[in-house]
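Q: Here you go, one structure.
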Amino acid sequence: MDNNKILKTAIGFTLVETVIVLAILAIAMAIAIPNVMSWLPNYRLKAAARDLYSNMQKAKTEALKRNCSVGITFSTVMFPAQGGGYTVFIDNGDGAGIADNAVQDGGEMTLLAITMPSGCTLYTASFQGSPRTGYNSRGFPLGNRTGSIRLRNNNSVWYEMALSNSGYPKIRQSFDGINWN
């Protein structure tokens, strides 16, 4: 008799209840996965733009801290190819290099070497006609090289990083590549 009481009071899930829960989870996943898959490329692009912003701020801080120029060289690719990137380096002329030219030559030290994440394209970088810029020891654009960098993905989302005369980078977004907010 005691065994029957234990069986009647046992708590658990029946097979039917388990199958119903699994069916509900499967339906929810079928709805959520396509939304996440379309959201992910935009998230990666926004993260790449924010990383670029913070790395430009880091370059400015390093120039001020070290009291020397810090250069940034951008490598672009033609859309629809993905990729591109940039290198942040100390532009102080070490190892027979030329200081303050925004070119990593001689033995100038690399601070960062960044490649764009999957699905993102760095397709243009122009600082008065050059893909190079940086900061001098006072935190202003190296050689007055102001301009912009543009990133995009396949979902028709663009980000632009503009560098002003004061050395302040600014992020703007576009959904058509023409109108920026």
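Residue numbers (the working numbering): 78 to 258. Yeah, the Cβ is synthetic: ideal placement off N, Cα and C, and Gly gets one too. None of the values given here were measured: they were computed from a predicted structure.
Going by DSSP, what residues sit across from Ser225 in a beta bridge?
A: Numbered from its first residue, the sequence shown carries residue 225 at position 148. Ser203 and Ala239, per the DSSP bridge assignment.
Q: Between the Cα of Met155 and those of Gly206, Ala107 and Asn230, spot the shortest distance and give me the residue it belongs to.
A: Position 78 of the sequence shown holds residue 155. Considering only alpha carbons, the answer is Asn230.
Q: Do the region 171-181 and the region 140-148 touch if we need at least three Cβ pairs shorter than 8 Å?
A: In short, these stretches touch, since the Cβ pair count reaches three.
Q: Distance, Cα to Cα, Asn217 vs Asn112?
A: Sequence index remark: in the sequence shown, residue 217 carries index 140 (1-based). Sequence index remark: in the sequence shown, residue 112 carries index 35 (1-based). First, the residue type needs correcting, since residue 217 is Phe and not Asn in the sequence shown. Approximately 42 Å between the Cα atoms of the pair.
Q: Roughly how many whole angstroms lie between the Cα atoms of Met133 and Ile191?
A: Position 56 of the sequence shown, counting from 1, holds the residue named residue 133. Position 114 of the sequence shown, counting from 1, holds the residue named residue 191. The straight-line gap from Cα to Cα measures roughly 12 Å.
Q: Any idea what DSSP makes of Ala190, helix, strand or coil?
A: Mapped onto the sequence shown, residue 190 falls at position 113. Three-state result, Ala190: strand.
Q: Given that a residue counts as buried once 16 or more other Cβ atoms are within 10 Å of its Cβ, and exposed if not, what is Ile226?
A: Position 149 of the sequence shown, counting from 1, holds the residue named residue 226. Buried, by the Cβ-count rule.
Q: State yes or no: is the C-beta of Thr223 within less than 8 Å of the C-beta of Ser241?
A: Reading the sequence shown from its first residue, position 146 is the one you call residue 223. Reading the sequence shown from its first residue, position 164 is the one you call residue 241. Cβ atoms of Thr223 and Ser241: closer than 8 Å.
Q: Quick one: Cα of Tyr130 to Cα of Leu228, how far?
A: What you label residue 130 is simply residue 53 of the sequence shown in a count that begins at 1. What you label residue 228 is simply residue 151 of the sequence shown in a count that begins at 1. C-alpha separation (whole angstroms): 12 Å.
Q: What is the residue span of the beta strand (DSSP E) that Ile248 lies within?
A: To locate residue 248, count along the sequence shown from 1; it is residue 171. That run of the beta strand (DSSP E) goes Pro246 to Ser251.
Q: Would you tell me roughly how many angstroms separate the C-alpha atoms of Gly211 and Gly161, rounded to the nearest one?
A: Position 134 of the sequence shown, counted from the start, is the residue given in the question as residue 211. Position 84 of the sequence shown, counted from the start, is the residue given in the question as residue 161. Those two C-alpha atoms are separated by around 18 Å.
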